[in-house]
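Report on one structure; see the data block that follows.
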Amino acid sequence: MKIIISNASQEPIYEQIVNQVKAMILKGEIQEGEPLPSIRNLAKNLQISVITTKRAYEELEKEGFIETAAGKGSFVAPQNKELLREKKLKIIEEKLIAVVKESRLLGLEEEEVQSMLTILYREVE
């Protein structure tokens with residue numbers, strides 16, 4: 001599991017971990033039941049505080065992405081396929097809302113944004 005922490009990011013470190021782990025689960029890069037590194041090992045590898053890593057794992061567990069078994073570690077939680085699709089749609093919706101807001105700030109018309117999206121959807125792999 002490869003997580004990259006950016007010190008230049010405005011996003012707190014624990015949120016960077018949460019978002020990257022969620023993305024890996026949603027993309028299927030890490031599968032249901034797959035173990036995650038221990039809190040201590042992840043903290044050591046990322047050279048961050050154990051408290052920060054613990055907070056990230058707690059957030060992931062609260063959101064239903066991972067399960068933790070005392071003495072055994074943390075694992076990717078079983079994902080309901082329909083719920084997983086809804087989570088993916090929610091992520092896309094949030095990003096599109098940001099695009100709409102930015103487009104309005106720049107004075108772009110809806111048709112221009114739709115045209116850009118159509119072109120990008122066809123060209124980007």
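UniProt numbering applies: residue 1 is where the sequence shown begins, and numbers increase by one. C-beta atoms are modelled at their ideal positions from N, C-alpha and C, and glycine is treated no differently.
- Message: Between which residues of its own chain and S74 is the CB-CB distance below 6 Å, once the five residues before and five after are set aside?
- Response: Same-chain partners within the cutoff: L36, Y57, I66 and T68.
- Answer yes or no: do V21 and L60 have a C-beta to C-beta separation smaller than 7 Å? Their beta carbons are under 7 Å apart, which means V21 touches L60 by this criterion.
- Based on Cα-Cα distance, which residue from S49, Y121 and K81 lies nearest to P12? A check of alpha carbon separations from P12 across S49, Y121 and K81 identifies S49 as the nearest.
- Are the beta-carbon atoms belonging to L46 and I5 less than 7 Å from one another? Yes, these two residues count as a Cβ contact at 7 Å.
- Name, in chain order, the residues that DSSP records as bridge partners for S74. Bridge partners of S74: T68.
- Message: Please identify the residue among E102, P78, R122 and R85 whose C-alpha is closest to the C-alpha of E34.
- Response: The shortest CA-to-CA distance from E34 to any of E102, P78, R122 and R85 is the one to P78.
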